[in-house]
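Enquirer: Below is a structure I'd like to ask you about.
Residue numbers (our numbering): 56 to 418.
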């Protein structure tokens, strides 16, 4: 073999190799998506109200007369029984006036007794002298003197009776003033607030104390008119305070809507036998009107809001499914066109296409 032939053999050997294996073909990479199994969930939205607790019954006590507060017998937060004295005004002047009127009454009554006795005596004297006058044994002048004494005495009696009446009026006014200078508990209640201190002047009608019943509380909320059928008296609803829930009952529903907001005021009664919830605390009221069940999916799982669809995975293959949408509930939305138990893609949708084979990872 010549040099040329030898070189050709070497070249063919270098180009084809000697027993060399073929290059491997790259494997197809399967994408992983986040999925969720569709389940039936309650479609009921939670409507939340916030309001302040109030005593079921409360009273603002005030004096009917003005004066200086002499004594406050209780402190805020205390419990009092019906009829307990709570506060009184300085009644020293009223007591002086009553004592003066009483003394005047005693004097006037004693004077009236004396005048009436003298009147009886003069009437007897007049009867005797009138008999003598008719018999011609007594002059007209002597008879007229007795009559004049009687008339003068009757005038004194009238004045004395007037004095008795005025003295009794004075005593009655003093007694009424003394009565109105005291505040008593109208029922078994808790003292919520006291607005004055001893020694301060208070005007008639100015609230001095705020009392309330804490074994039952109330809460007032304003609700849309279109939901009034859900707020019938006797209906129950959950109320939350400091992480604790209690069942409240609808007590009253306003017959007319408020002019400012066009809503109805609803009053709820809340049990508080332990008196551990306090008037003035903020509470949360949750209403869940029953609207049945349906499929709720994350908002981000729904693609193309104009013609919405989702991706479902069937036997490892991505399928596009047209759906229709209902009402949102938080971060989810009601989806029609998906059955319970189906596997829906909820993450990684932007990297896949219908017909692709995927691996799934449950949320």
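The C-beta atom is built at its ideal place from N, Cα and C for all residues, glycine as well. Please read all numbers here as calculations on a predicted model, not as lab measurements.
Could you tell me how far apart the beta carbons of residue 413 and residue 390 are, in whole angstroms, since I believe they sit closer than 8 Å?
Expert: What you label residue 413 is simply residue 358 of the chain shown in a count that begins at 1. What you label residue 390 is simply residue 335 of the chain shown in a count that begins at 1. Rounded, the Cβ-Cβ distance is 20 Å, inconsistent with contact.
Enquirer: Do you know how far the Cα of residue 106 is from the Cα of residue 323?
Expert: Stepping through the chain shown from its first residue, residue 323 is reached at position 268. Stepping through the chain shown from its first residue, residue 106 is reached at position 51. C-alpha separation (whole angstroms): 11 Å.
Enquirer: Please report how far the alpha carbon of residue 320 lies from the alpha carbon of residue 282, in whole angstroms.
Expert: On the chain shown, position 265 is the one that residue 320 refers to. On the chain shown, position 227 is the one that residue 282 refers to. Taking the straight line from one Cα to the other gives about 12 Å.
Enquirer: Give me the residue from 247, 311 and 335 with the minimum Cα distance to residue 297.
Expert: Here the question's residue 297 lines up with position 242 in the chain shown. Per the Cα distances, 335.
Enquirer: Can you round the beta-carbon distance between residue 145 and residue 123 to whole angstroms, since I take them to be within the 8 Å contact cut?
Expert: The sequence position of residue 145 within the chain shown is 90, counting from 1. The sequence position of residue 123 within the chain shown is 68, counting from 1. Contact annotation, residue 145 with residue 123: C-beta distance approximately 4 Å; criterion of less than 8 Å satisfied.
Enquirer: Helix, strand or coil: how does DSSP classify residue 175 here?
Expert: Here residue 175 refers to the residue found at position 120 of the chain shown. It is helical.
Enquirer: Can you tell me which of the three DSSP states residue 402 falls into?
Expert: In the chain shown, residue 402 corresponds to position 347, counting from 1. Three-state result, residue 402: strand.
Enquirer: Comparing C-alpha positions only, which one of 137, 85, 306 and 376 sits nearest to residue 274?
Expert: The residue labelled residue 274 in the question sits at position 219 within the chain shown. For the residues 137, 85, 306 and 376, the minimum Cα distance to residue 274 belongs to 306.
Enquirer: What is the rounded straight-line gap between the Cα of residue 382 and the Cα of residue 265?
Expert: To locate residue 382, count along the chain shown from 1; it is residue 327. To locate residue 265, count along the chain shown from 1; it is residue 210. Roughly 47 Å separates the two Cα atoms.
Enquirer: Contact check, residue 365 vs residue 352 under 8 Å by CB: the rounded distance?
Expert: For the purposes of this step, residue 365 is taken as the residue at position 310 of the chain shown. For the purposes of this step, residue 352 is taken as the residue at position 297 of the chain shown. Indeed, because the Cβ distance is near 7 Å, the residues count as touching under 8 Å.
Enquirer: Alpha carbon to alpha carbon, what distance is there between residue 416 and residue 76?
Expert: If you number the chain shown from 1, residue 76 lands on position 21. If you number the chain shown from 1, residue 416 lands on position 361. Reliability of the predicted coordinates at residue 76 is poor, the pLDDT of 47 falling under 50, and the value obtained from them is presented with this limitation in mind. The C-alpha of residue 76 lies about 38 Å from the C-alpha of residue 416.
Enquirer: Go ahead and pull the three-state DSSP assignment for residue 152.
Expert: Position 97 of the chain shown, counted from the first residue, corresponds to residue 152. In the structure shown, residue 152 sits in a helix (DSSP, three-state: H, G or I).
Enquirer: Please identify the residue among 271, 384 and 114 whose C-alpha is closest to the C-alpha of residue 328.
Expert: Translated into the one-based positions of the chain shown, residue 328 becomes position 273. Closest option to residue 328, Cα to Cα, is 271.
Enquirer: Measure the C-alpha to C-alpha separation of residue 400 and residue 380 and round it to an integer number of angstroms.
Expert: In the chain shown, the residue the question calls residue 400 occupies position 345. In the chain shown, the residue the question calls residue 380 occupies position 325. Approximately 16 Å between the Cα atoms of the pair.
Enquirer: Take the Cβ of residue 340 as the centre, count every other Cβ of all protein chains shown within 10 Å, and call the residue buried at 16 or more, exposed below.
Expert: The residue labelled residue 340 in the question sits at position 285 within the chain shown. With 16 or more Cβ atoms within 10 Å of its Cβ, residue 340 is classed as buried.
Enquirer: Report all residues from its chain with a CB closer than 6 Å to the CB of residue 218; omit the five preceding and five following residues, and keep chain order.
Expert: Position 163 of the chain shown, counting from 1, holds the residue named residue 218. Cβ within range, chain order: 163.
Enquirer: Given residue 301, which residues of its chain have a CB within under 7 Å of its CB, disregarding the five upstream and five downstream residues?
Expert: For this step, residue 301 is matched to residue 246 along the chain shown. Answer for residue 301: 294, 325 and 326, listed in chain order.
Enquirer: Please state the DSSP three-state secondary structure of residue 194.
Expert: As a position in the chain shown, residue 194 is number 139, starting the count at 1. Under the three-state reduction of DSSP, residue 194 is assigned to coil, being neither helix nor strand.
Enquirer: The beta strand (DSSP E) that contains residue 373, what's its start and end?
Expert: Counting from 1 along the chain shown, the entry for residue 373 is found at position 318. Segment 372 to 377, the beta strand (DSSP E) holding residue 373.
Enquirer: So, under 8 Å CB-CB, residue 236 and residue 135 are touching, yes? Tell me the CB distance rounded to an integer number of Å.
Expert: Sequence index remark: in the chain shown, residue 236 carries index 181 (1-based). Sequence index remark: in the chain shown, residue 135 carries index 80 (1-based). Contact flag wrong, Cβ pair sits at about 18 Å.
Enquirer: Counting only the same chain and skipping the five closest in sequence on each side, list residues whose C-beta sits under 6 Å from that of residue 81.
Expert: For the purposes of this step, residue 81 is taken as residue 26 along the chain shown, with counting starting at 1. Any reading at residue 81 must be qualified, since the residue scores a pLDDT of 48, below 50, and its modelled position is unreliable; no value is offered.
Enquirer: Based on the DSSP secondary-structure assignment, which residues constitute the bridge partners of residue 134?
Expert: By 1-based counting over the chain shown, the position of residue 134 is 79. DSSP output for residue 134 lists 245 as bridge partner(s).
Enquirer: State the start and end residues of the unbroken beta strand (DSSP E) segment that holds residue 97.
Expert: Taking the first residue of the chain shown as position 1, residue 97 is located at position 42. Run containing residue 97: 95 to 97, per the beta strand (DSSP E) assignment.
Enquirer: Counting only the same chain and skipping the five closest in sequence on each side, list residues whose C-beta sits under 6 Å from that of residue 402.
Expert: Start at 1 with the first residue of the chain shown, and residue 402 comes out as number 347. Cβ within range, chain order: 89.
Enquirer: Pop quiz: residue 131 and residue 248 are said to be a contact at Cβ under 8 Å. What is the actual Cβ separation, rounded to whole angstroms?
Expert: Residue 131 sits at position 76 when you count from the first residue of the chain shown. Residue 248 sits at position 193 when you count from the first residue of the chain shown. That belief holds up - the Cβ atoms of residue 131 and residue 248 are roughly 6 Å apart, short of 8 Å.
Enquirer: Quick check: the Cα distance between residue 407 and residue 377, rounded to an integer number of angstroms?
Expert: Stepping through the chain shown from its first residue, residue 407 is reached at position 352. Stepping through the chain shown from its first residue, residue 377 is reached at position 322. The straight-line gap from Cα to Cα measures roughly 16 Å.
Enquirer: Using CA coordinates, which residue listed in 152, 299 and 92 is at the minimum distance from residue 367?
Expert: For the purposes of this step, residue 367 is taken as the residue at position 312 of the chain shown. The option with the nearest alpha carbon to residue 367 is 92.
Enquirer: Please identify the residue among 404, 137 and 269 whose C-alpha is closest to the C-alpha of residue 355.
Expert: Working through the chain shown from its first residue, we reach residue 355 at position 300. Checked all of 404, 137 and 269; the closest Cα to residue 355 is 404.
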